[in-house]
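Input: a single structure, listed below in structure tokens.
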Amino acid sequence: MASFQVNQKCTGCLACVQSCPAKALSYEDQDGQRSLLHNPLLCARCGHCWRICPEGAIEFEQFLQGKWEKVITTDLVRCTVCGEPVYTAKVKQILSDRLKEDLEALCPRHRSGAALAAWHNALSTGERLKGVRK
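Position one of the sequence shown corresponds to residue 466 (our numbering), numbered consecutively onward.
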């Protein structure tokens, strides 16, 4: 996970704290030690602290590069005709539970084809489609 980090080059000069426009950096002096504090909720990710640090102690490159972070992975359900991803297994389970029926996974292209086939079948057999008024 990308995060704000400070390496061992930090001298505790507080140039970063004093220049942070978002006030996302602070410090505390306690028991003869200085701790640098970072609040990621306040951080604007502007990189000003990284640029201002005279020692090059702030490792902020991950934020500046804008890399994607994987936050969750779920299983995909694919179209039974062409294999294109349609939705996740969790979505299918929720829909099936709510509709009280097992859904056939069809992509938009094949779903519209299935609807068209149902209309043609209904016209040829004279069967009334569910939810359609004459």
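From the three backbone atoms N, C-alpha and C, an ideal C-beta is built for every residue, glycine too.
>> By the DSSP assignment, the beta strand (DSSP E) with residue 494 in it spans what residues?
In response: 490 to 495
>> Which residue marks the beginning of the alpha helix (DSSP H) containing residue 482, and which one marks its end?
In response: 480 to 484
>> Rounding to the nearest angstrom, what Cα-Cα distance links residue 521 and residue 501 in this structure?
In response: 15 Å
>> I need the boundaries of the alpha helix (DSSP H) containing residue 500, first residue and last residue.
In response: Note, residue 500: premise wrong, no alpha helix (DSSP H); beta strand (DSSP E) at 498 to 503.
>> Excluding the 5 residues flanking residue 575 on each side, which residues of the same chain have their C-beta closer than 7 Å to its C-beta?
In response: 544, 546 and 547
>> Would the stretch 478 to 486 count as touching the stretch 498 to 518 if we require 3 or more Cβ pairs under 8 Å?
In response: yes
> Taking only runs of the beta strand (DSSP E) that begin and end inside the stretch 537 to 566, which ones reach a length of at least 3 residues, in chain order?
Replying inline: 541 to 543 and 550 to 553
> Residues in its own chain within less than 6 Å of residue 525 by CB, not counting five upstream and five downstream?
Replying inline: 512 and 515
> Can you give the beta carbon distance from residue 570 to residue 556, rounded, assuming they're within the 8 Å contact cut?
Replying inline: Not really, about 10 Å apart at Cβ, beyond 8 Å.
> According to the neighbour-count rule (16 or more other Cβ atoms, all chains shown, within 10 Å of its Cβ), is residue 559 buried or exposed?
Replying inline: exposed
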